[in-house]
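> This is the structure I want to talk about, given as structure tokens.
Number of protein chains: 4
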Amino acid sequence: MNTHITVEAPVRVRYAETDKMGVVYHSNFIVWFEIGRVELLRQMGFRYRDMEREDDCHIAVVDVRCRYKAPARYDDELIIRTQVKHLRGSMITFHYEVVRAEDKVILAEGETMHIVVNSQFEKTTLPDKYARAFAAAIKDEA
Amino acid sequence: MNTHITVEAPVRVRYAETDKMGVVYHSNFIVWFEIGRVELLRQMGFRYRDMEREDDCHIAVVDVRCRYKAPARYDDELIIRTQVKHLRGSMITFHYEVVRAEDKVILAEGETMHIVVNSQFEKTTLPDKYARAFAAAIKDEA
Amino acid sequence: MNTHITVEAPVRVRYAETDKMGVVYHSNFIVWFEIGRVELLRQMGFRYRDMEREDDCHIAVVDVRCRYKAPARYDDELIIRTQVKHLRGSMITFHYEVVRAEDKVILAEGETMHIVVNSQFEKTTLPDKYARAFAAAIKDEA
Amino acid sequence: MNTHITVEAPVRVRYAETDKMGVVYHSNFIVWFEIGRVELLRQMGFRYRDMEREDDCHIAVVDVRCRYKAPARYDDELIIRTQVKHLRGSMITFHYEVVRAEDKVILAEGETMHIVVNSQFEKTTLPDKYARAFAAAIKDEA
């Protein structure tokens, strides 16, 4: 049974995020994924800002995927549901669902894959304190 | 032999597109894909603005994928190389490469999948004049 | 004595909003002003989304001004303090302060001026129910 | 007679820059101002990227103003006309016009005020080579 920790972050759609079709422009979902990811880290006990500042540990994006199911609209209240999917060495994969709060309809889902790098973009390993927290967030149970 | 038409669109990285890592924030590549896509349509003989306005024909995004290989930096001159990959009924797939103009290094590549809809987001078919142009843009030769 | 209603809306700085100087790119403050403005309307009893949809009443921006005093940084919690400054016919002016929640330092302040238009961008008058609410929000007392 | 150098930079409106009113969201004009400003510097003989990298000289924004006269629309070709208005010590003011290429209608005009800072946001003076170029760009003649 999958018991990955799932964290929910609220987002309200901004006017600036809509386009002339009257709905949210698709690249904004990728920005929202980041909000979910950072909120997941926060719930895991650390702040991404401090990971960068204090440990020179950056989670650089190497792959993004998003599947759009229904449009998000101006002023919609959304929930970004995020979980860590894998951690393999310096490689971390997150999974996301963008849910409309009102009726729980899933508007989009996606994944992002990351490698841990220093500020020079050199591959590095995730410091132990973070690796332990990630491992705890993704443990599966039988 | 693949003879899909490939169109190149120039983009210069804006300061607003960078982030605190000192490189382009990843969601901007998705915006650049759109620039490539629209330029490809223009080279195929029509303007996306007119497709929307005159034929109520909108190419809505249903799936986006991007793989990041090297960072893009402020003021870099980039080339967005775009081709139509498939056209099946109302489903169109585009493929993109983001290339640094200076040394032709591929910074990212990706695909977007679209369905043709009207302004009410109802699935529709691509008007003949566009379908013929798309078919011409993707024909393979032996 | 100025008794204009002031509404506070929270914003947390997104990674996408930072630039290569390591701070928030300045145009994002203008987007945050809109968040403050919409929250003020909500506290005044109506939703901007419904103003547009049900009353074809749009508050188009004609003038924006922002003075930057100190940089906003990634993951900062901010408060957007908004008030209606003037209402004269179809002309509405809002005033904003962007405040860092942690220490109440004012990072920026600004104004936006708007005219009420319909969806064809033709100048129109603010329907009575809104005009009354605006008048209530800006009344000064001796 | 005002003989300030005016530089024109082309911009084509992106779909991502439009909003649900069907026109460009207003904060994007501020991003375009930056494109004009950087192009002006380029015509003056230097690259803003190198100013930052080689001389630790950053032109931080302290004040932005924009007046909107007519909407910009998707796929419009625009020209950003930029000139240096003042240089006083560490304080530089630029002036902008956003012009629709097709019919030369001015869609917006604005100013930005900047101070010269180092990467720590400490006020600094403009290195001589830049100061001379700025002076040349703004000289008035009788």
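Chains as they are written, first to last, in this note's numbering: chain A, 4 to 145; chain B, 4 to 145; chain C, 4 to 145; chain D, 4 to 145.
The C-beta atom is built at its ideal place from N, Cα and C for all residues, glycine as well.
Every value quoted in this text rests on a predicted model; they were computed, and no experiment measured them.
1. Quick one: what's got a C-beta closer than 6 Å to residue 122 of chain B's C-beta in the same chain, skipping five residues either side?
2. Which chain A residues sit within Cβ distance under 8 Å of residue 101 of chain C?
3. If you draw a straight line from the alpha carbon of residue 52 of chain C to that of residue 36 of chain D, how long is it in whole angstroms?
4. May I have the straight-line CA-CA distance separating residue 19 of chain D from residue 22 of chain A, to the nearest angstrom?
5. According to DSSP, simplified to helix, strand and coil, what is residue 16 of chain C?
6. Distance, Cα to Cα, residue 111 of chain A vs residue 119 of chain D?
7. Determine whether the beta carbon atoms of residue 117 of chain A and residue 62 of chain A lie at a separation below 7 Å.
8. When you compare only the Cα positions, how much space is there between residue 100 of chain A and residue 140 of chain D?
9. DSSP state of residue 145 of chain B, grouped into three classes?
10. From the DSSP output, in three-state form, read off residue 25 of chain B for me.
11. Just the C-alpha distance for residue 91 of chain A and residue 74 of chain A, rounded to the nearest angstrom, thanks.
12. Residue 71 of chain A by DSSP, collapsed to three states: which one?
13. Indicate the three-state DSSP secondary structure (helix, strand or coil) for residue 77 of chain B in the structure shown.
14. Which of the three DSSP states is assigned to residue 49 of chain C in this structure?
15. Which residues, in chain order, does the stretch 23-45 of chain A contribute to contact with chain B at a C-beta distance below 7 Å?
16. How big is the Cα-Cα spacing for residue 68 of chain D and residue 82 of chain D?
17. So the candidates are D:85, D:98, D:17, D:49; which of them puts its Cα closest to the Cα of residue 131 of chain D?
18. Rounded to whole angstroms, what is the Cα-Cα separation between residue 79 of chain B and residue 44 of chain D?
19. With a cut-off of 7 Å, does the C-beta of residue 119 of chain C fall near any C-beta of chain D?
20. Rank C:12, C:25, C:28, C:31 by C-alpha distance to the C-alpha of residue 42 of chain C and give the top, closest one.
21. Mark residue 108 of chain C as exposed unless 16 or more other C-beta atoms lie within 10 angstroms of its C-beta, in which case mark it buried.
22. For residue 54 of chain D, which residues from the same chain have a beta carbon less than 6 Å from its beta carbon, with the 5 sequence-adjacent residues on both sides left out?
23. Below 7 Å between beta carbons is the criterion; list the residues of the stretch 65-92 of chain D that meet it against any residue of chain C, in chain order.
24. Measure from the alpha carbon of residue 93 of chain C to the alpha carbon of each residue in C:105, C:16, C:127, then state which is nearest.
25. Go ahead and label residue 56 of chain A buried or exposed: buried means 16 or more other beta carbons lie within 10 angstroms of its beta carbon, across all protein chains shown.
26. In whole angstroms, give me the CA-to-CA distance for residue 25 of chain A and residue 124 of chain B.
27. Please identify, using Cβ separations under 9 Å, the residues of the stretch 48-67 of chain A that lie next to chain B, in order along the chain.
28. For a minimum of 3 consecutive residues, which ranges assigned as the beta strand (DSSP E) are wholly contained in the stretch 73-142 of chain A?
29. Report the partner residues of residue 64 of chain A according to the DSSP bridge assignment.
30. Out of C:137, C:66, C:133, C:31, which has the shortest C-alpha to C-alpha gap to residue 114 of chain C?
31. Report the option in C:15, C:7, C:8 whose CA atom is closest to the CA atom of residue 103 of chain C.
32. So, helix, strand or coil for residue 39 of chain B, using DSSP?
33. For residue 19 of chain D, would you say it is in contact with chain A, using Cβ-to-Cβ distances shorter than 7 Å as the test?
34. Starting from the C-beta of residue 129 of chain D, find all residues in its chain whose C-beta is less than 6 Å away, skip the five residues before and the five after it, and write them out in chain order.
35. Using a Cβ-Cβ cutoff of less than 6 Å, which residues in the same chain neighbour residue 39 of chain C once the five nearest sequence positions on both sides are dropped?
36. Name the chain D residues that come within less than 7 Å of residue 124 of chain C, Cβ to Cβ?
Put simply:
1. 59
2. Per Cβ cutoff of 8 Å: no residues; residue 101 of chain C is ~15 Å from chain A at best.
3. 29 Å
4. 6 Å
5. coil
6. 44 Å
7. Result yes, Cβ atoms of residue 117 of chain A and residue 62 of chain A sit closer than 7 Å.
8. 52 Å
9. Caution is warranted here: a pLDDT of 40 is assigned to residue 145 of chain B, below 50, making its placement in the model unreliable, and no coordinate value can be reported.
10. coil
11. 34 Å
12. strand
13. coil
14. coil
15. 24, 29, 30, 33, 34
16. 18 Å
17. Between residue 131 of chain D and the set D:85, D:98, D:17, D:49, the nearest pair of CA atoms involves D:49.
18. 16 Å
19. No - not a single Cβ of chain D is within 7 Å of the one on residue 119 of chain C.
20. The shortest C-alpha separation from residue 42 of chain C is found at C:12.
21. Around the beta carbon of residue 108 of chain C, a 10 Å sphere encloses fewer than 16 other beta carbons of the protein chains shown; the residue is thus reported as exposed.
22. 60
23. 65, 66, 67, 68, 69, 70, 71, 74
24. C:127
25. exposed
26. 11 Å
27. 55, 61, 63, 64, 65, 66, 67
28. Listed in chain order, the beta strand (DSSP E) elements of length 3 or more contained wholly in the stretch 73-142 of chain A are 80-91, 94-103, 109-120.
29. A:117
30. C:66
31. Among C:15, C:7, C:8, the Cα nearest to that of residue 103 of chain C is on C:15.
32. helix
33. Flagged as an interface residue toward chain A: residue 19 of chain D, by a C-beta distance shorter than 7 Å.
34. 119
35. 12, 83, 85, 99
36. In chain order: 74.
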